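See below for the structure under consideration.
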Amino acid sequence: MRALTGRDEMAFHDTAAVGPHGRLLALASAVGPEVAGDPALPEWEARLLALRSHLFGRRIEAEATCPDCGAGIALIFSADDLPRGASVPSGDEGPIRLSHLLALEASGVAGEAALRRLLGLLLGDEDQAAARLSGPTRAATLLALEMRAAGLGLEIGTACTDCGAPMVLPFDVAAFLDAEMRARADRLLDEVHRLASCYHWSEAEILSLPVARRQSYLRRILAAEVMGAAKGGAG
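The sequence shown begins at 1 in the UniProt record's numbering and counts up one residue at a time.
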């Protein structure tokens, strides 16, 4: 795998045209190795977790809200500490695959409509999917689909630091990594502006830098500004 660059981050700045799985597939293919075939959802999530560890390390920082008292909770843990949920059977129509997720994103549906669309994709027949969801087994079918859509079923066990209530929080690898990348893309514009103002580099030159190298230049700019401010105060 190669190092992350600003060009990779910038792809997450405009999120209108492509959904999270589409953006992450492009990122995984860009930094390598390219995603081959059409992986099932658990395998795809495992690849994303490995990608995230390569890019940012095993340490994960997240935030949650206590459902009992509403307090905000900061979570810091290692990817190695994530327990795996029980294996979810693929069902008689086969496993959920990356291609199904990409098709769902392209359709723009969400919630129960997304589950109905997913069943149609798995069966390859929208009419058959509608028939399954019109009978007495509708609720059970939707619940089974929702469980299968959980992929690896990763969960974080913790307790509220305010009220002590125990909490078990699902950890969606794709949603978390996509949110991280979008946050980095938002900060990137300010970093490009600062480097361009100082060194007079073009946007393309700055975006081609590995992230670690870009951050090294930014630290030098900050250190020079601090030193200049200290000298000015002393004078």
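All C-beta atoms in this analysis are idealised placements derived from N, C-alpha and C, irrespective of residue type, glycine included. Note that the structure is a prediction, hence the values are computed from the model and not measured.
{"Query": "With a 10 Å radius around its C-beta and 16 neighbouring C-beta atoms as the bar for buried, classify histidine 21 as buried or exposed.", "Result": "buried"}
{"Query": "Beta strand (DSSP E) containing arginine 59: first to last residue?", "Result": "59-65"}
{"Query": "With three or more beta-carbon pairs closer than 8 Å as the criterion, would you say the segment 95-106 touches the segment 75-83?", "Result": "no"}
{"Query": "Use the C-beta contact count for arginine 19: other C-beta atoms within 10 angstroms, 16 or more gives buried, fewer gives exposed.", "Result": "The amino acid occupying residue 19 in the given sequence is glycine; arginine does not appear at that position. That one is buried."}
{"Query": "Quick one: grab the DSSP three-state call for leucine 169.", "Result": "strand"}
{"Query": "Could you give the first and the last residue of the continuous alpha helix (DSSP H) run that contains glycine 120?", "Result": "111-123"}
{"Query": "What would DSSP say about glycine 135, mapped onto helix, strand or coil?", "Result": "coil"}
{"Query": "Contact check, cysteine 160 vs aspartate 68 under 8 Å by CB: the rounded distance?", "Result": "7 Å"}
{"Query": "Please classify leucine 27: is it buried, with 16 or more other beta-carbons within 10 angstroms of its beta-carbon, or exposed?", "Result": "buried"}
{"Query": "Using only alpha-carbon positions, find the residue among Arg47, Pro39, Ile206, Thr65 that is nearest to glycine 32.", "Result": "Arg47"}
{"Query": "Flag this pair as yes or no: are the beta carbons of phenylalanine 185 and methionine 1 separated by less than 8 Å?", "Result": "Residue identity check: residue 185 is alanine in the sequence provided, not phenylalanine. No."}
{"Query": "Mind checking methionine 181: buried by the 16 CB within 10 Å criterion, or exposed?", "Result": "buried"}
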